[in-house]
Each structure stands twice: as C-alpha cells, then as structure tokens.
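Numbering-wise (full-length UniProt numbering), the sequence shown opens with residue 1 and increments by one. Working notes, beginning with the structure itself.
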Amino acid sequence: MGTFNGFLREIPYIRVDRFDTYDEDTRIFFLTHCHADHMVGLCDEFFTDLKRRNLHLYASPISVRILKNDYPNFVCRFKEVIVGEYSLIPTDYRGESINLTFKAIPAGHCPGSIMFLFDIPSKQVLYTGDFRIDKHEEFMNKYFGDATLIETIYLDTTFCKKEFPHFPTRKESLSGLCNLITYWLEQDQRNLIKLTVPATYGSEYLFKGIHERTGFKIHVNERRYNLHKFIPDLDEIIEVDDYKLLLRIHACDNFFCRLANSSPNRVCEIKITAMIWKNYEAGDSVVRHEGDNLYRVCASYHPSYSEISNFVDYLKPKRIIACVFPEGARQQGEMLRLLKEMTRKYAKRKINETFVIDVGKMLRSESNFRKLCGSDDLLSSPPRRFRKIETK
1 MGTFNGFLRE
11 IPYIRVDRFD
21 TYDEDTRIFF
31 LTHCHADHMV
41 GLCDEFFTDL
51 KRRNLHLYAS
61 PISVRILKND
71 YPNFVCRFKE
81 VIVGEYSLIP
91 TDYRGESINL
101 TFKAIPAGHC
111 PGSIMFLFDI
121 PSKQVLYTGD
131 FRIDKHEEFM
141 NKYFGDATLI
151 ETIYLDTTFC
161 KKEFPHFPTR
171 KESLSGLCNL
181 ITYWLEQDQR
191 NLIKLTVPAT
201 YGSEYLFKGI
211 HERTGFKIHV
221 NERRYNLHKF
231 IPDLDEIIEV
241 DDYKLLLRIH
251 ACDNFFCRLA
261 NSSPNRVCEI
271 KITAMIWKNY
281 EAGDSVVRHE
291 GDNLYRVCAS
301 YHPSYSEISN
311 FVDYLKPKRI
321 IACVFPEGAR
331 QQGEMLRLLK
341 EMTRKYAKRK
351 INETFVIDVG
361 KMLRSESNFR
371 KLCGSDDLLS
381 SPPRRFRKIE
391 TK
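What follows is the structure, given as structure tokens:
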C-alpha cells in the first residue's frame, strides 16, 4: 500500500500526517489521529526543531493528551483544535501574512480521529485521514452542509475496491461479537475469550459495548492501558491486573496472564478483521467460524466502496487524491477507474481531465519533494465565523 507524504499542493506551507518530509517553508503541522502510520517522523528531534522555530502541531484533544504523554518535554508544541468549529491560525509564508481557516470534523476511525476541511481563497480542500461514518446523511448535513466549494479531497481509499462493496455497521458488528462472547462464556464458568484487535487503540466502541452487554471488564496489557486512560469512560472497562480480578475477556496479547496458562479447549479466540470480508452484503453474518475455537468478526474502521462512493457523491469534488493506493499499475488503474465511475453522476468536464489518482502525492524522495514546496502564494481566506488559535 502507498502512504501519503503529508503534502497538500493547494497549501504548500502545511504538513498533515507525515513529519519527516517538511522543509523550512513548512509553517503548520496537523495530525488526524495517533496511529503509527500517520505519525511517521514524530520524535524528539522533530519537536526540538518545532521549538527552535516556534511552530506547533495541531490535533484533537484526545490526540493531544496522548502526544503529551509520549513527549512530556514538548507539551508546549501541541495545540488542541475544537471539533466541529472553524478555527484560524495566523502565520506567514515567504514574506506574506496568512490566516489559515479550517474546520476539524469527527472522522469516526478511532477516538480523537478527525478530518480537516481547509478554507483557502475561492475553494476548500478536505483531508479525510482515515475515517468511517455512521448515519451518513445526518452526519454529512451537520458537518458538510456549508461545504459547497470543495476543490480537492485527499481521500481514504483503503477499501476503494469492488470486492469490498459493503461492511456491517458498528452496531451490527458489535451485536454479532457480543452474541458470540455471551454464548461462549455461558457454556462454562471456566471459559475465556481471547480478543485480537487490529491496532493498539481504535476498538474502544467494541470494548464499551462488550462491557455493557456482559458486565465483564476486559484485560489489556500495560501499553494498551496507558493509552486508553486518555479516552473518556474506559477506566471502568479495562484492567491490567488479571490474576487479582480473574478476568474472562482478554485483549492483552497473551502477556503473562491466566489466558496463557488455560487449556486451549477453554479459550475462544475472536479476531476482529475487515480485509478478508470480500463481497460482504447487508444481511450476511458478521461472524465466521474458522475451525476449532477460532472465529472472525467483521468490523471495519475504514469506509467500504459504497460508503466512499456516497461520500464523494455528496461532496462533488473537482479533484480526488487517493491517500492509500495499491501496488502495481493494474491495481492503481482499477482504483482510478472506480473513482472516475463515482463522479460520472455530476462531473461536467471530461472525467480524465477532472479526477485523478495522483500517485505523485504519495511518499517521494526528499529532493523531488522539496521542488513542490512553495508553488503557490496563498492569501487570507474568505470571511468565516471562526475561533482564532493563539500560536505563541
């Protein structure tokens, strides 16, 4: 899979979700969420440079809490954004004073994940990061009702493939998961659950639902616990002391707990997955028995092909840049074809002149990357109701 390089052509003085490809012209940094593939380049050296230049990294309140815990010597380099409101950051770029106006929008990918909708003269640019939206129409009307001038979407295309037409809703995934857990635990008081989730954090919705349905707390390792403590309401749901509490549901990676010493016949392993669920259709079971005591439950934190299509159709951008793309010319060509197909309902110009998968926006060598920086001089954005973020 290709990885976005952090550069937005329309706003050359910012970087988003990539922090090892910036230069001296870069003035503002944004982070959508705290997953490792979006944090490349974040390190003490990076924040030391931000301190030297008096620059900041902007993120959601939850993400800022996580960052401050990871980098306690650089807490002044982080700025919280208010989700759902327009904000303004004054800066300068090549001698010009600029007011960058943007709105942070919930992304639904994991706790604290956000999109960024940037306002620049006569147009808007949306960077989605990773996202998954429930209640599509209600959400879009609330957060994008005034987004009528979107020029470019930097789009999460993780599952922009015809073989992933649909995914179950979060509610459907949670229901199937809880039914399986309840069934297994009720068979015998000695039975345990081993829950394998795809990332260190992001499955909190499932954890909360499991606790509400079963009443059981979930055993996690210390690393996961230290991360989850920044997420509201999880302190009553997760625990690290398994032997004291004799917990029955484990998302601990088998580290030194009762699960490791239990009979395999007593342990039901449940893997939360999305990639293997090709051609899922509404009404299909979200649970798949893989043999013995191994099950898979379908739960996606990225949009399906149809969800991507609905998202694009609502916003009607003039340009689409894929932030995730497959390897190989044939696969990339197929993704381009699908994105063009989505736009045929509203495109007025020739499709191949208007909509592109811009592979050039993916990670490139630093020497080539620097040539792109500073290609546009941006002026102040049009009047908006916004909150000014202090940069000092």
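Heads up, the beta-carbon is just placed ideally off N, CA and C, and yes, glycines get one too.
- The criterion of a C-beta distance shorter than 8 Å is not satisfied by CYS34 and ILE11.
- Residue state for PRO264 is assigned as helix, using DSSP reduced to three classes.
- Going by beta carbons, ILE249 and LEU195 fall inside the 8 Å limit.
- The way I'd put it, the segment 124 to 136 does touch the segment 92 to 110; three or more beta-carbon pairs between them come closer than 8 Å.
- Per DSSP, LYS217 is not a residue of any beta strand (DSSP E), being assigned neither H nor E.
- The segment 154 to 166 makes contact with the segment 293 to 309: 3 or more CB pairs, one atom from each, lie closer than 8 Å.
- For ILE238, the beta-bridge partners assigned by DSSP are ILE218.
- Taking 8 Å as the cut-off, the Cβ atoms of PHE230 and ASN69 count as close.
- In terms of Cβ geometry, THR152 and ILE321 form a close pair [threshold 8 Å].
- Short of 6 Å from the beta carbon of TRP184, and not among the five residues preceding or following it, lie these beta carbons of its own chain, in chain order: ASN191, CYS268.
- If you compare the alpha carbons of PRO61, PHE74, GLY41, ALA36 with that of PRO232, the shortest gap goes to PRO61.
- In this chain, ILE62 is not harboured by any beta strand (DSSP E); it is covered by the alpha helix (DSSP H) spanning 61 to 70.
- Judged by DSSP in its simplified three-state form, ARG132 adopts coil rather than helix or strand.
- Comparing alpha carbon positions, the residue from GLY333, LEU339, ASP313, ASP188 closest to TYR346 is ASP313.
- If you look at LYS51, you'll find it in the alpha helix (DSSP H) that goes 44 to 53.
- Boundaries of the alpha helix (DSSP H) harbouring THR343: 329 to 343, taken from the DSSP string.
- Less than 8 Å divides the Cβ of LEU247 from the Cβ of LYS217.
- Taking a 10 Å sphere around the C-beta of CYS76, we find fewer than 16 other C-beta atoms and assign the residue as exposed.
- Three or more Cβ pairs drawn from the segment 36 to 43 and the segment 12 to 23 lie within less than 8 Å of each other, which places the two stretches in contact.
- Just so you know, the alpha carbons of VAL220 and VAL287 end up roughly 23 Å apart.
- Counting only runs of at least 4 residues, the segment 71 to 156 fully encloses the following alpha helix (DSSP H) elements, listed from N- to C-terminal order: 136 to 144.
- Secondary structure note for LEU294: it is in no alpha helix (DSSP H), and the uninterrupted beta strand (DSSP E) holding it is 294 to 298.
- One Cα belongs to PRO264, the other to ASP188, and the distance between them is close to 14 Å.
- Under the criterion of beta carbons closer than 8 Å, TYR154 and LEU8 qualify as touching, at roughly 7 Å.
- Of the residues ASP284, ALA282, SER300, LYS271, the one whose Cα lies closest to the Cα of GLY291 is LYS271.
- In the three-state scheme derived from DSSP, where H, G and I count as helix and E and B as strand, ARG18 is classed as coil.
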